[in-house]
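-4 is the number of the first residue of the first sequence in the numbering used here; add one for each residue after it. Beta carbons are placed, not taken as given, at the ideal position from N, Cα and C, and that holds for glycine. Predicted, not measured: the structure shown is a model, and the values here were computed from it.
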Amino acid sequence: MGMTNADIAAAFDQMADLLDLRNANPFRVRAYRNASRVVGGLKIDLAALIDADKELPKLPGIGADLEEKIRQLATSGHLPELDRLRKQVPAGLTDLLRVPGLGPRRVRVLSDALGLHSQVALLRAARDGRIRELRGFGPASEERIAAALEAQLSKKPRYKLAVAAQYADALCTYLAKGPGVIEVATAGSLRRARETVGDIDLLATAAEGGDVVRYFAACPDAKRVLASGATRGSIVLKSGLQVDLRVVPEESYGAALLYFTGSKAHNIRLRNLALERNLKLNEYGLFRARGRGREVGAVVAGRTEESVYAALGLPWIAPELREDRGEIEAARNGELPALIERRALRGDLHAHTTWSDGSATIEQMAAGARARGLEYLAISDHSRRRSVANGLDPERLARQCADIARFNARHADITLLTGIECDVLDDGILDLPDSALAPLEVVVAAIHSRFNLPRQKQTARVLAALDNPHVRILAHPVGRLIGLREPYDLDMQAVIRKCKARAVALELSAHPERLALQDLYCRMAKDEGVLVAINSDAHAVHEFDNLVYGVAQARRGWLEAGHVLNTRSLAQVRTWLRERR
DNA sequence: GCCGTTTTCGGCCCGACTGTTTTCAGTCG
-4 MGMTNADIAA AFDQMADLLD LRNANPFRVR AYRNASRVVG GLKIDLAALI
46 DADKELPKLP GIGADLEEKI RQLATSGHLP ELDRLRKQVP AGLTDLLRVP
96 GLGPRRVRVL SDALGLHSQV ALLRAARDGR IRELRGFGPA SEERIAAALE
146 AQLSKKPRYK LAVAAQYADA LCTYLAKGPG VIEVATAGSL RRARETVGDI
196 DLLATAAEGG DVVRYFAACP DAKRVLASGA TRGSIVLKSG LQVDLRVVPE
246 ESYGAALLYF TGSKAHNIRL RNLALERNLK LNEYGLFRAR GRGREVGAVV
296 AGRTEESVYA ALGLPWIAPE LREDRGEIEA ARNGELPALI ERRALRGDLH
346 AHTTWSDGSA TIEQMAAGAR ARGLEYLAIS DHSRRRSVAN GLDPERLARQ
396 CADIARFNAR HADITLLTGI ECDVLDDGIL DLPDSALAPL EVVVAAIHSR
446 FNLPRQKQTA RVLAALDNPH VRILAHPVGR LIGLREPYDL DMQAVIRKCK
496 ARAVALELSA HPERLALQDL YCRMAKDEGV LVAINSDAHA VHEFDNLVYG
546 VAQARRGWLE AGHVLNTRSL AQVRTWLRER R
């Protein structure tokens, strides 16, 4: 039936939406949302396991009932209960849940009182002034709904990590000069280094919060102020990016940073751990629980993140791991990975020059790499099929190799490796003949055409390319461009197994538009014993700076330095590159 | 719907802000 984990997760999410709208038990709704997240974050392919008649592993938050529903989905592609619910709830109503400020209760009011079942109809009603008459709504709500819909219908994008990081840096500098501000930090998905960021979360410490929030709201780049209170403020920048600020006293810094960094699922796990120890965790600290309700006792921890984790019996957990994908268990068992850091990278195995579509010469790129602490750099320009990129044919490639040899003879502070980013043609044949590839040190295979082949054909094409004995690295394996082009349809499990069999490394492109391998595939590669190469794919000198984002993505994928090819010394990398299987 | 070395029933994370109220529900993160 071809049900992927993502399909199953989507079905559970729809169940949650529909149950929410039908006013079901909120904990039941949460169980479905939780299950959706768990299934969506799995490395193993559930449908494949069921197909092969194997036992499903015990998954947290998935009991007998949800396991049975997973089986139904995997075998039939349908969930009878979901189909039933769909008939009971007007189509389109779940779209209204996506409107900021609207939850299940208010959507139900809109549906019952005005028969509104779509965002377009809702916008019309808001403009006609029909919303303000409803119980629980007013002129301000109507205004906000109209504004949110207009923004949403014209699509509110998520921002690439590298872009959001620039706004965050500027705001941190501004905030640090605020009244009574002691410390400023970024939190949220930005600190967890997710590949895209929906909004920016900032944290500041100060004795008096209200002044800081007012100073924040008056920031020159703010277009609109959404909220402004004694400890929290929220603004929209001129670029459309939303920024939330939280201000806490110094002694709560660690607890607040933890709380504001998330993820939500990670926080809930921590709060449950606290409850088990008769403690209570909130953004102000970890406290002894006293009786029921909101009353709390003496503070146990909170000044630093480390102190809170320690009081819960855990070592500090890196933000990139905080997704409730097993990091709590790993921490408890002392099995947290020693995550790779940027300084562990000793080289870069994919970069371009003016020989194809790069903007800098071989000499300039080498100097830029050296200035950023790299000891070696592979020059891998495009192959001839990329004619728009001035791709290299065998004759030009041979001349470039001679150039590189001359460079290496003259320079001792960095070593260049000869290479190519070679196009994979339609049936998995490479763009250059073996005679041209054989003398090279690094052949990076890449797909730049026919992205919409069906899954089976695309996979066969990639597997065939991997059978070429000269291929050592598979470039940006899913071809996606964040926000521009979806990943092409590929059986990554099969590709990773083939890489293992052929001793080919998978590239994690640090280019901000790509940032692929995605985190889940990094973990898959690690589990299968396939090396990852974190490469810049730099077309200009400053693009070596992107390597830090590649490293961040690798950290989200639980990778240690030992799992990454270009943390090795030049001699070790050359040995590895020469190996054939 | 899940979960359990005190439990197979009765819990389920927790607080801030807003708008619409006249003390609080709904939404959000």
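Ignore the nearest five residues each way along the sequence and tell me which others in residue i's own chain have a CB closer than 7 Å to its CB.
i    : result
G297 : E246, S247, G249, A250, Y279, G280, L281 and V303
L54  : V33
L170 : V176, V179, L197, A199 and F211
A549 : I335, L503, C517, V527, I529 and V559
R492 : E523
A489 : T454 and L458
H261 : R317, E318 and D319
From which residue to which residue does the beta strand (DSSP E) around residue i run?
i    : result
C417 : T410 to D418
L198 : D194 to T200
K218 : A217 to S223
I230 : R227 to L232
Name the one or two DSSP bridge partners that residue i has.
i    : result
V579 : Given that the chain is displayed from residue -4 to residue 576, the structure contains no residue 579 and the question cannot be resolved.
L387 : S378
N277 : G280
S504 : A511 and N530
V295 : For V295, which the question treats as bridged, DSSP gives no partner whatsoever.
P155 : For the record, residue 155 in the displayed sequence is Lys; it is not Pro. T191, per the DSSP bridge assignment.
Y371 : G342 and T410
A480 : Inspection of the sequence shows that residue 480 is occupied by Arg rather than by Ala. DSSP output for R480 lists L476 as bridge partner(s).
V438 : I415
E145 : Note: E145 sits in no beta bridge, so no partner.
V179 : A199
L334 : E555
I468 : V439 and A500
Between which two residues does the alpha helix (DSSP H) containing residue i stretch?
i    : result
N262 : K259 to E271
D46  : L41 to D46
N29  : P21 to G35
T356 : Here T356 belongs to no alpha helix (DSSP H), and DSSP marks it neither H nor E.
D343 : That residue, D343, is in no alpha helix (DSSP H); its beta strand (DSSP E) goes G342 to A346.
S106 : P99 to L109
S184 : G183 to R186
R551 : L542 to R551
S444 : Per DSSP, S444 belongs to no alpha helix (DSSP H) and is neither H nor E.
L241 : A small correction: the amino acid at residue 241 is Arg; Leu does not occupy that position in the sequence shown. Unbroken run through R241 is the beta strand (DSSP E), Q237 to V243; no alpha helix (DSSP H).
G595 : Lying before the first or after the last residue shown, residue 595 is absent from the chain, which here runs from -4 to 576.
P428 : No alpha helix (DSSP H) contains P428, which DSSP labels as neither H nor E.
E50  : Where E50 is concerned, there is no enclosing alpha helix (DSSP H), given that its DSSP letter is neither H nor E.
G115 : It is worth fixing the name first, because residue 115 is Val in this sequence and not Gly. Note, V115: alpha helix (DSSP H), Q114 to R122.
K577 : Coverage of the chain is limited to positions -4 through 576, which leaves residue 577 absent and any answer about it impossible.
D2   : N0 to L16
Just to confirm my understanding: we take residue i, look at its own chain, exclude 5 residues before and 5 after, and list those with CB closer than 6 Å. What are they?
i    : result
S258 : R317 and E318
A500 : I468, L526, A528 and L560
R287 : Only weak support exists for where R287 lies, its pLDDT of 49 falling under 50; the value from the coordinates is given anyway. The answer is none, since no qualifying residue turns up.
R219 : V231
R28  : A11
Q513 : none
Exposed or buried, residue i, counting other C-beta atoms within 10 Å across all chains shown (16 or more means buried)?
i     : result
I177  : exposed
N273  : exposed
D107  : exposed
T413  : buried
R475  : buried
T168  : exposed
K452  : exposed
M(-2) : buried
K64   : buried
S31   : buried
Report all residues from its chain with a CB closer than 8 Å to the CB of residue i; omit the five preceding and five following residues, and keep chain order.
i    : result
Q67  : H73, L74 and P75
L92  : D12, D15, L16, G98, P99 and V102
G292 : F282, R283, A284 and R285
> Would you say the stretch 453 to 468 touches the stretch 403 to 423, given that touching needs at least three Cβ pairs under 8 Å?
Replying inline: yes
> Contact between the stretch 322 to 335 and the stretch 350 to 359: three or more CB pairs below 8 Å?
Replying inline: Under the three-pair Cβ rule at 8 Å, the stretch 322 to 335 does not count as touching the stretch 350 to 359.
> Do the stretch 91 to 102 and the stretch 62 to 79 touch if we need at least three Cβ pairs shorter than 8 Å?
Replying inline: no
> Does the stretch 476 to 488 come close enough to the stretch 441 to 453 to have 3 or more Cβ pairs within less than 8 Å?
Replying inline: yes
> Is the number of C-beta pairs between the stretch 159 to 170 and the stretch 181 to 192 that are closer than 8 Å three or more?
Replying inline: Contact holds: three or more Cβ-Cβ distances are below 8 Å.
> So, do the stretch 39 to 48 and the stretch 18 to 29 have three or more beta carbon pairs nearer to each other than 8 Å?
Replying inline: no
> Using 8 Å as the Cβ pair cut-off and three pairs as the minimum, do the stretch 26 to 45 and the stretch 118 to 135 touch?
Replying inline: no
> Can at least three beta-carbon pairs, one atom from the stretch 364 to 374 and one from the stretch 539 to 559, be found at a separation below 8 Å?
Replying inline: yes
> How do the stretch 384 to 399 and the stretch 566 to 573 stand: do at least 3 beta-carbon pairs fall below 8 Å, yes or no?
Replying inline: no
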